[in-house]
Structures are given as structure tokens and as C-alpha cells.
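Following: one structure in C-alpha cells, then a few remarks.
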């Protein structure tokens with residue numbers, strides 16, 4: 561596989577595989593709708609399938625070898641010092657401020673940070689120097705290597721990857737490994753009002769797909785956005801399952817349900 565020439569310091573890398581090829585069109589429709597002036601080269605991580613979409617470069621990693629191995633192959637090929645890591649079911653829902661992204665990249669370079677979370681879920685643990693929009697993720701923070709949209713130092717990302725790990729293992733075990741690194745981990749700040757996550761640098765409908773099926777509200781969102789989809793490729797969550805899921809995630813009810821489940825074990 562030939563190396564990919566890239567004079568840019570930063571790139572956008574979408575983690576995916578051929579099993580999610582049916583999601584690619586909806587992802588890129590939303591991506592370029594809300595970020596038409598993206599200044600970075602855009603790379604889709606695939607396995608063996610061909611795919612064509614304007615301004616999208618496809619990196620074929622060969623037979624699917626899992627998240628960690630696929631991403632290692634891809635990020636070594638892009639030849640960029642930094643990259644924005646996205647997952648294939650992160651459907652953008654608000655316009656991206658390119659100047660803000662470039663400003664955050666400058667902060668990352670200046671502070672020699674290994675990671676800068678662009679969607680504060682979770683947000684930073686404390687303020688950092690005199691920056692108004694960026695805070696520090698502490699070394700003992702949970703989900704320190706969260707795969708929410710983030711700017712990564714390519715070298716640090718690859719140091720944290722371990723062969724065979726899936727995205728969830730990367731978030732949990734990678735967090736433990738990150739505690740030994742010297743590089744800072746940063747995040748954009750949440751809004752000071754009610755601690756709401758309404759100030760992301762990259763806003764998107766995340767977790768559109770879980771356990772291989774479309775979430776009911778993701779389909780509703782994409783329909784509202786005018787995205788025409790082939791819904792025959794994968795199952796869709798039922799309305800009843802959607803209601804149960806939403807109730808479970810309401811703070812009070814969610815904690816109550818979890819408490820009952822623990823007592824039943």
C-alpha cells in the first residue's frame with residue numbers, strides 16, 4: 561500500500577469499515593452540508609469496497625482487522641501530525657466554525673497537547689491557563705480518551721492503540737494508558753449555564769447506530785434533514801424500544817431503574 565502524500569498538518573479521519581457502507585452517504589451529506597469549507601483533507605477508513613464521494617479520499621486497509629488495527633494502518637498512511645477523529649455514525653447537525661477549529665488546532669500545537677476534545681462529553685475537569693474556551697482533562701479523569709469528536713496528535717493516538725481492541729476498549733483501557741503520558745489532554749468547555757453541552761466545536765447526532773441497528777430518533781433526524789436513505793440494509797429500533805431507552809436515560813428514572821436491576825441480580 562503506497563503512502564499518501566499530505567502536506568497538510570491536519571486531516572479528518574472517519575473510522576469505519578465495509579460493514580457500515582450503507583451509512584457513508586448520509587454521513588458525508590451531513591458533513592459537507594455543515595462544513596462546506598473544511599480546510600483539511602478528508603479520509604474514510606474502509607476495507608475493500610470502492611466508494612466515491614466528492615472531496616473524500618478512501619483508505620483501504622484490506623480485510624477488516626478490527627478498530628485498532630484498521631485505524632493504525634490508516635493514520636500511518638495520512639502522514640499528518642494531527643487529525644480530527646470521527647466515527648461513521650456522527651451525523652453533523654450544526655454549522656462548523658472553521659476559524660474556531662483552526663484556533664483550537666493552534667492551541668493544541670502551542671501547548672503540545674496530545675488530545676483536544678471537540679465535543680465536551682464529558683467536558684474538562686478544570687480551567688487551563690487563561691484560555692476561555694479550553695479546559696484541562698485531569699490525569700485521573702474517566703473516559704480521558706473518549707472517542708467523541710476530537711483533535712488527536714497522530715503519534716499519541718498510535719501510542720495508545722493496542723492490537724485487537726475495539727472502540728469501547730480504547731476508551732476504557734486507553735484512558736488508563738494515557739495517564740502515563742506527559743502530553744496534556746484538553747477539551748472545549750461546556751456552557752456555564754446548567755452545565756449543558758451546547759458549546760461543541762463539532763456538533764452532531766451521535767450514536768445513530770447501536771448494536772448494528774439504526775436508532776429510531778436517528779432515522780427521524782435524518783428524514784428531517786432531507787437525507788434519503790436505503791433503510792433495507794439494517795434494522796431500525798422500534799418506537800417502543802426508543803421510548804424505553806429515552807426513559808432509561810432520564811437522570812431520575814435511569815438511576816431508579818439501575819437500582820432495581822442491581823437488587824434483582
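In the working numbering, the protein residues as written are 561 to 825. Glycine included, C-beta positions come from ideal geometry on N, C-alpha and C. Nothing here was measured: the structure is a model prediction, and the numbers come from that model.
Rounded distance between the beta-carbons of residue 577 and residue 630, thought under 8 Å: Between residue 577 and residue 630 the Cβ distance is about 6 Å, and since that is below 8 Å, they are a contact.
Three-state secondary structure assigned by DSSP to residue 569: coil
Rounded Cβ spacing between residue 782 and residue 651 (contact assumed at less than 8 Å): 7 Å
Residue 588 and residue 613 closer than 8 Å at C-beta: yes
From 572, 582, 610, 787, residue whose alpha carbon lies closest to that of residue 595: 572
Assigned exposure category for residue 723 - 16 Cβ within 10 Å defines buried: exposed
According to DSSP, residues forming a beta bridge with residue 786: Per DSSP, residue 786 has no beta bridge partner at all.
Same chain only: Cβ atoms within 7 Å of residue 768, ignoring 5 sequence neighbours per side: 649, 651, 774, 775, 778
Those residues which DSSP pairs with residue 645 across a bridge: 573, 710
Backbone secondary structure at residue 583 - three-state DSSP: helix
Cutoff 8 Å; reference residue 830; Cβ partners in own chain excluding five residues on either side: In the structure displayed, the chain extends from 561 to 825; residue 830 sits before or after that span and is not available.
Residue 695 - partner residues in DSSP beta bridges: As computed with DSSP, residue 695 is found in a beta bridge with 687, 747.
C-alpha distance - residue 697 paired with residue 684, whole-angstrom precision: 5 Å
Nearest-angstrom Cβ-Cβ length linking residue 677 and residue 706, presumed shorter than 8 Å: 6 Å
Residue 800 burial status per 10 Å Cβ neighbour count (16 or more: buried): exposed
Paired residues, beta bridge with residue 619 - DSSP: 605
Assumed close pair residue 716, residue 675 - CB separation to whole angstroms, cut-off 8 Å: 7 Å
Alpha-carbon spacing of residue 626 relative to residue 640, whole angstroms: Residue 626 and residue 640 have their C-alpha atoms spaced approximately 22 Å apart.
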